[in-house]
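Encoded as structure tokens, the structure appears first; notes follow it.
2 protein chains.
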Amino acid sequence: MRDILPADKARRERVLAVIRERYLAHGFDEIETPVLEEYSRLHAGIGGDNEKLAYNVLRRGLDADAIRAAAADPAALSDLGLRYDLTVPLARFYASNRGQLPTVFRSIQIGAVWRAERPQKGRYRQFVQCDIDIMGDDSARAEAELMVASLDTVDALGLEGATVRINDRRALDWMLDSFGFTAEERPGVLITIDKLDKIGPDGVAAELRDRAVTAHAVDAFEAFLRRPQTMEINAYGERQIRKALPDGAPDEIVDHLVGIGQAVAAGRPSTGSAIDDIPLVFDPFLVRGMGYYTGTIFELAHPSVDYSLGGGGRYDGMIGRFLGQQVPAVGFSLGFERLVDLVTANSDAGAQAVVLVHDADVPVVELVAHKTALIATGARVRLERRTKNLKALLERAAADGYTAFATVPVGASDLEIKPLS
Amino acid sequence: MRDILPADKARRERVLAVIRERYLAHGFDEIETPVLEEYSRLHAGIGGDNEKLAYNVLRRGLDADAIRAAAADPAALSDLGLRYDLTVPLARFYASNRGQLPTVFRSIQIGAVWRAERPQKGRYRQFVQCDIDIMGDDSARAEAELMVASLDTVDALGLEGATVRINDRRALDWMLDSFGFTAEERPGVLITIDKLDKIGPDGVAAELRDRAVTAHAVDAFEAFLRRPQTMEINAYGERQIRKALPDGAPDEIVDHLVGIGQAVAAGRPSTGSAIDDIPLVFDPFLVRGMGYYTGTIFELAHPSVDYSLGGGGRYDGMIGRFLGQQVPAVGFSLGFERLVDLVTANSDAGAQAVVLVHDADVPVVELVAHKTALIATGARVRLERRTKNLKALLERAAADGYTAFATVPVGASDLEIKPLS
Chain A
573 MRDILPADKA RRERVLAVIR ERYLAHGFDE IETPVLEEYS RLHAGIGGDN
623 EKLAYNVLRR GLDADAIRAA AADPAALSDL GLRYDLTVPL ARFYASNRGQ
673 LPTVFRSIQI GAVWRAERPQ KGRYRQFVQC DIDIMGDDSA RAEAELMVAS
723 LDTVDALGLE GATVRINDRR ALDWMLDSFG FTAEERPGVL ITIDKLDKIG
773 PDGVAAELRD RAVTAHAVDA FEAFLRRPQT MEINAYGERQ IRKALPDGAP
823 DEIVDHLVGI GQAVAAGRPS TGSAIDDIPL VFDPFLVRGM GYYTGTIFEL
873 AHPSVDYSLG GGGRYDGMIG RFLGQQVPAV GFSLGFERLV DLVTANSDAG
923 AQAVVLVHDA DVPVVELVAH KTALIATGAR VRLERRTKNL KALLERAAAD
973 GYTAFATVPV GASDLEIKPL S
Chain B
573 MRDILPADKA RRERVLAVIR ERYLAHGFDE IETPVLEEYS RLHAGIGGDN
623 EKLAYNVLRR GLDADAIRAA AADPAALSDL GLRYDLTVPL ARFYASNRGQ
673 LPTVFRSIQI GAVWRAERPQ KGRYRQFVQC DIDIMGDDSA RAEAELMVAS
723 LDTVDALGLE GATVRINDRR ALDWMLDSFG FTAEERPGVL ITIDKLDKIG
773 PDGVAAELRD RAVTAHAVDA FEAFLRRPQT MEINAYGERQ IRKALPDGAP
823 DEIVDHLVGI GQAVAAGRPS TGSAIDDIPL VFDPFLVRGM GYYTGTIFEL
873 AHPSVDYSLG GGGRYDGMIG RFLGQQVPAV GFSLGFERLV DLVTANSDAG
923 AQAVVLVHDA DVPVVELVAH KTALIATGAR VRLERRTKNL KALLERAAAD
973 GYTAFATVPV GASDLEIKPL S
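Protein chains in written order, with the working numbering: chain A, 573 to 993; chain B, 573 to 993.
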């Protein structure tokens, strides 16, 4: 966890304002849930590995006997915890408030989450997630709306050229099945496949053999990984999707993926509305970690970085766990902390920001009057008492986003405002 | 704690945007601190009664022996806690980051805090505070900048007519001293005086007698409370301040209060820049609960409500506890949850928000294309599949801030957009 200083905070708020404005334009509605959720809900097995990283809140009013008794049952020490993602709270929110929400509900959630990760560069224990989700729509329209809105948002942040890698959990399951892996072997095999980018086909085949999974399945999979590829890079359409999978992929899955592409093409006319010219890439080996995904999964990539800027997928089973009735759901999470690092610091163009430098003898009344008069013109104004090193003072003000300055003599009626450069 | 639904969330974000914009214009810089602070810092005696209401976070990695041992020392169960205010974290932030901050640092903090209060109407266990603070300035300029900025912000929210009640802890101490109360009696006497608005002079005198504090001091105080008042209501200036206090109030305190008034007058020219025509009221019986106040204290009042909309004061001793070096500090906290309730829901004027109502047979590609085309014109757009009760659907959309709608037939090239009314 870290303190955020003014220059960083200003950049973060600018990025958040763009994200909020774009997602609202695309018909999503912002909601907010409490930071604390019930312990039992956070530890219901939905959150995967994140459950282990949750910060739990000490139950209030425990006496010495209750604490001693908890030695055998540490879960009794907590009744609340800090959320580790925005998806579990959203499913609970939807179940609690469904009667007041539209049939198809498109949510925006922007908020901090907490995970007790090992401290490392670029990883924080408190970080902001920006999620959009669509509940109540099982059609490809939902995925397309998420992608069009997110690509538009990334464009608006000045990060044009982003692409979405897409796959479907059902395609993965079918593919592993067709190679001959058993259903029991599947979770472990997926963990290995998830490393394909890092360890390559040789590494994947070796690791699978080490795991002693069905041998002929590994052989079949390795042969498929090493097959000659003649596909157009980055093109997307039924032909490309079928070519990237073993023969005989089920129509239902392929049609859903094709439908998403067609709808994204319609929603991104500027990138050429032909389906094989859109910023989607089918990646049959994309896995994504969370166990709750049931259908499409996707990740946002940008040419300037080798990590993903966000991702998501379908989790049609989760809301049913809270509501007792199945509701299809699909979500997309922008990696806010990574986006902030990439976005260039553009201070608010147009608005003048003026530092008024004064000596100790200028009456407070005059200083406040000058400040108010300048604020009334639309400027941002900071008062600074002159220090020995005026240059350093002005440099710091410039770093804080100030664009102009004036010195304030005693009894001045007009101030001469000069650019800070 | 509660879920915040779209219409409420939109109003909250609009209010926050106004507060942020105004405070930035007045030269304050926004910062952010982590929600979790060290347990020892949250329980150092600075937070007053709020310390007892803190949510503490369970220390990670406790084994059965450690839990059993904690029965005798429950504080050992926690190493972190959720902040209960933004002032303790600010003092810690300033001590940690002083080298990177301007000599006089004006901070904005907007964020949630948590207190395990008994649930009651209008009180939440998670609520948002909006604080501005000035560190490093012991002059009346600091108080004046806080007040001018806050009054301007409240005006910008459409709540013109707010006033600030002001007092000084040193004036209270001097006054109680001059009546003959002992220093040991002072905290209890202040608790009683704080009830003056509710129980009146009779109640205050009776309660003080019940407490058996110095009898002649109570007599002197009661006589002062019952003295004939000839003061101009709401006027503010040296004469008025001296008249509201027992004779002989120290110049240092009165001058500081007068200086604040003169500077606020200079910063509020629209309310008439004569000092006795500004929205300040000297209230010699204003107490405010927190023990850390050392000088001026103030509360924001508005004619439409009988509770305060915010308040603050000087706490010149607190930063020294973290930094080991005294730094003057003064802060003002807006009661965000109360402000949100008062501010009328003004949806963003100008921006068109359109609901596109379609039947199930309209291809996804056409829907997404219509949506994108409308968004490109600057509109906010939501897709809605037609339900049996179209009227109810449109009413809900209007409640969510949508201003227009169109029905989408199959194969339409142009849509007829009609106002939602």
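Cβ atoms here follow ideal geometry from the backbone N, Cα and C, with glycine treated the same way.
Query	Result
Mind listing the chain A neighbours of residue 991 of chain B? Cutoff is C-beta to C-beta under 7 Å, in chain order.	By Cβ distance, chain A contributes nothing, its closest Cβ being about 18 Å from residue 991 of chain B, past 7 Å.
What residue range is occupied by the uninterrupted beta strand (DSSP E) comprising residue 979 of chain B?	976 to 980
If I measure Cβ to Cβ from residue 578 of chain A and keep anything under 7 Å in the same chain, skipping five residues before and after, which residues do I get?	972
Can you find the residues in the same chain that come closer than 7 Å, C-beta to C-beta, to residue 730 of chain B, ignoring five residues on each side of it along the sequence?	915 and 916
Distance cutoff 7 Å, beta carbons only. Does residue 649 of chain B sit that close to anything in chain A?	yes
Does DSSP put residue 842 of chain B in a helix, in a strand, or in coil?	helix
Using CA atoms only, rank isn't needed, just tell me which of B/963, B/723, B/928 and B/969 is closest to residue 957 of chain B.	B/928
Can you list, in chain order, the residues of the segment 897 to 912 of chain B whose Cβ is nearer than 8 Å to any Cβ on chain A?	none
Applying a beta-carbon distance threshold of less than 8 Å, which residues of chain A neighbour residue 669 of chain B?	575 and 577
Using a C-beta to C-beta distance shorter than 7 Å, which residues of chain A count as neighbours of residue 841 of chain B?	944
Would you call the segment 692 to 705 of chain B in contact with the segment 854 to 873 of chain B, where contact means no fewer than 3 C-beta pairs closer than 8 Å?	no
Determine the burial state of residue 982 of chain B: buried for a count of at least 16 other Cβ atoms within 10 Å of its Cβ, exposed for fewer.	exposed
Using a Cβ-Cβ distance under 7 Å, would residue 977 of chain A count as near chain E?	Going by chain labels, chain E is absent from the structure shown, which instead holds the protein chains A and B.
For the segment 930 to 976 of chain B, which segments carrying the alpha helix (DSSP H) assignment without a break, of at least 4 residues, lie completely within its bounds, in sequence order?	936 to 948 and 962 to 971
Can you tell me where the beta strand (DSSP E) with residue 882 of chain A in it begins and where it stops?	882 to 886
So residue 603 of chain A packs on residue 665 of chain A, CB below 8 Å; how close in whole Å?	6 Å
Could you check the C-alpha separation between residue 807 of chain A and residue 833 of chain A for me, to the nearest Å?	11 Å
Can you pull out the residues from the segment 738 to 760 of chain B whose beta carbon lies closer than 7 Å to at least one beta carbon of chain A?	none
Return the CA-CA distance between residue 626 of chain A and residue 653 of chain B, expressed in angstroms with no decimal places.	14 Å
Buried or exposed: where does residue 960 of chain B fall if 16 or more other Cβ atoms within 10 Å of its Cβ makes it buried?	exposed
Can you name the residues of chain A whose CB is closer than 8 Å to the CB of residue 831 of chain B?	936
Under 8 Å, CB to CB, which of the residues in the segment 710 to 741 of chain B have a partner in chain A?	711, 712, 713, 716, 717, 720 and 724
The alpha helix (DSSP H) that contains residue 812 of chain A, what's its start and end?	810 to 816
Quick one: grab the DSSP three-state call for residue 691 of chain A.	coil
Note down, in chain order, each residue of its chain lying with its Cβ closer than 7 Å to the Cβ of residue 912 of chain B, except the 5 sequence neighbours on either side.	583, 584 and 587
Would you tell me roughly how many angstroms separate the C-alpha atoms of residue 824 of chain A and residue 933 of chain B, rounded to the nearest one?	19 Å
For the ligand GDP, is there a heavy atom less than 6 Å away from the beta-carbon of residue 617 of chain B?	Ligands in the displayed structure: none, and consequently the ligand GDP is not present.
Rounded to the nearest angstrom, what separates residue 631 of chain B and residue 643 of chain B at their Cα positions?	14 Å
Across which residues does DSSP place residue 991 of chain A in a beta bridge pair?	A/976
Below 8 Å on C-beta distance, what does residue 672 of chain B contact in chain A?	577
Return the bridge partner residues of residue 739 of chain B from the DSSP annotation.	B/869
Using alpha carbons as the reference points, say which of B/979, B/908, B/978 and B/984 lies closest to residue 702 of chain B.	B/908
Below 9 Å on C-beta distance, what does residue 581 of chain A contact in chain B?	601, 602, 603, 604 and 680
Would you say residue 834 of chain A lies against chain B (beta-carbon separation less than 7 Å)?	yes
Tell me whether residue 853 of chain A sits in a helix, a strand or coil according to DSSP, three-state version.	strand
Could you give the distance in angstroms between the alpha-carbon of residue 985 of chain B and the alpha-carbon of residue 883 of chain A?	33 Å
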